[in-house]
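Protein chains: 2
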Amino acid sequence: MSTAADVHFFPRLTIEQVEEGHELAPKFDEHGLMPCVTTAAATGEVLMLGYMNAEALKRTILTGEAHYYSRSRKTLWHKGATSRLVQKVVDLRIDDDQDAIWLRVEVAGDASCHVGYRSCFYRSIPTGDEGATGALRFEEHEKTFDPKAVYGDAPNPTIL
Amino acid sequence: MSTAADVHFFPRLTIEQVEEGHELAPKFDEHGLMPCVTTAAATGEVLMLGYMNAEALKRTILTGEAHYYSRSRKTLWHKGATSRLVQKVVDLRIDDDQDAIWLRVEVAGDASCHVGYRSCFYRSIPTGDEGATGALRFEEHEKTFDPKAVYGDAPNPTIL
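Taken in sequence, the protein lines are chains A and B.
For the first sequence, the UniProt record's numbering assigns the number 1 to the initial residue and increments by one for each residue that follows.
For the second sequence, the UniProt record's numbering assigns the number 1 to the initial residue and increments by one for each residue that follows.
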């Protein structure tokens with residue numbers, strides 16, 4: 001069985017190679033991370049924006065299940081290990097300059113947000129003068145699951 | 001007419017306020033930026049992942065047109081100012097801990113990528129052992145526009 005160590009990343013040599021080539025040559029930031037957009041394969045809804053380090057990207061490639069790096073817990077994070085809301089990868093994309101990932105996933109229960117909503121993006125900002133007041137609108141009105149029941153007393157990952 | 005200075009951000013006081021409240025209290029990173037996922041309103045396709053500073057977020061809110069911060073050019077970036085591929089915001093969302101934005105946009109010509117493709121995410125990584133070789137697959141086979149004709153000799157934003 002392959003391990004994460006077996007996944008090959010190419011060195012970044014030229015802009016043409018990175019943008020127009022067939023070689024996976026990802027660029028991680030100064031913290032060793034890249035952002036990952038995760039959408040629901042069925043609906044196109046953005047569920048979350050997470051971060052991957054090299055290990056998380058390699059494990060996602062090998063297993064077909066979303067792995068992230070948790071910035072609050074400072075550890076590799078197999079999404080769903082606690083909540084059982086595992087994200088099965090339907091499509092794994094990388095962007096033009098290879099510093100961002102897009103995952104299309106199927107997720108048990110169709111929920112991905114630690115607050116209990118389906119999507120982490122459950123609030124909108126109106127545009128125009130109304131938005132200028134800084135008032136948010138809720139776009140989801142009911143939680144999909146009870147975070148207390150799922151996560152118990154685990155520390156909240158939100159950092160002020 | 002309102003200006004960006006008039007857009008109000010609330011201070012971040014408690015996790016409950018940030019996650020469950022109606023107050024826009026965005027968190028920018030140590031570079032003053034937050035990631036922004038931009039999807040095509042019609043199809044749900046992820047077009048790009050950009051970054052916003054406070055000014056870009058405020059201008060996006062006020063004008064209903066996507067503004068970003070260009071990390072390569074180190075400047076506020078009204079998307080489409082050069083290419084005329086302006087992104088009209090249909091829905092502007094913020095995530096649970098208010099450190100990421102999701103824009104659903106309509107875009108002239110349905111193209112958003114500086115390389116000429118519709119989406120910046122025009123290549124996929126196969127999962128499993130095939131992906132372990134580091135070989136990318138093209139998911140878009142034709143460019144939507146000619147970047148040379150649109151951008152001329154402007155420097156390529158990709159950083160190796």
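Even glycine gets a Cβ: it sits at the ideal position worked out from N, Cα and C.
Our two residues, Glu142/B and Thr38/A, have alpha carbons roughly 25 Å apart in a direct line. For Leu62/A, the enclosing alpha helix (DSSP H) starts and ends at Ala54 to Thr63. With a contact defined as Cβ atoms closer than 8 Å, Asp96/B and His114/A qualify at about 7 Å. Taking each of Ser112/A, Ser124/A and Thr14/A in turn and checking the Cα distance to Lys79/A, the smallest one comes out for Ser112/A. By the neighbour-count criterion, in which 16 or more other beta carbons inside 10 Å mark a residue as buried, Leu160/A falls on the exposed side.
DSSP places Asp129/A inside the alpha helix (DSSP H), whose first and last residues are Asp129 to Ala132. In the three-state reduction of the DSSP assignment, Ala41/A falls in the coil class, being assigned neither a helical nor a strand state.
At a cut-off of 8 Å between C-beta atoms, Ala132/B counts as an interface residue with respect to chain A.
Contact with chain A is found for Arg12/B, since one of that chain's Cβ atoms lies less than 8 Å from the residue's Cβ. Per DSSP, the unbroken alpha helix (DSSP H) holding Glu19/B starts and ends at Ile15 to Glu20. Contacts with chain B at 8 Å (Cβ-Cβ) do not include Arg84/A.
Here the segment 130-139 of chain B makes no contact with the segment 114-124 of chain A; the two share fewer than three CB pairs at distances below 8 Å. For Ala56/B, the closest Cβ of chain A is not nearer than 8 Å. Contact between Val89/B and Thr127/A is confirmed by a C-beta separation of about 6 Å, below the 8 Å threshold. Among the CB atoms of chain A, one or more fall inside 8 Å of the CB of Gly128/B. Out of Arg84/A, Lys74/A and Ser72/A, the CA that lies nearest to the CA of Glu65/A is found in Arg84/A. Chain B places a beta carbon closer than 8 Å to that of Trp102/A, counting this residue as a contact. The residue from Glu106/B, Ala81/B and Ala100/B with its alpha-carbon nearest to that of Lys27/B is Ala100/B. DSSP lists no bridge partner for Gly80/B. From the beta-carbon of Gly44/A, the residues of chain B found nearer than 8 Å are Thr39, Thr43, Gly44 and Glu45. For Asn53/A, none of the residues of chain B pass the 7 Å Cβ criterion, the least Cβ distance being about 16 Å.
Any Cβ of chain A closer than 8 Å to the Cβ of Thr158/B would place that residue at the interface, and such an atom is present. The beta carbons of Phe10/A and Gly131/B sit no closer together than 8 Å. In the assembly as shown, Thr158/B is a buried residue. Its beta-carbon has 16 or more other beta-carbons within 10 Å. Using a 10 angstroms sphere on the CB of Leu33/B, the tally of other CB atoms reaches 16 or more, which defines it as buried. Cβ neighbours of Ile125/B within its own chain (closer than 7 Å, five residues either side excluded): Gly131 and Leu136.
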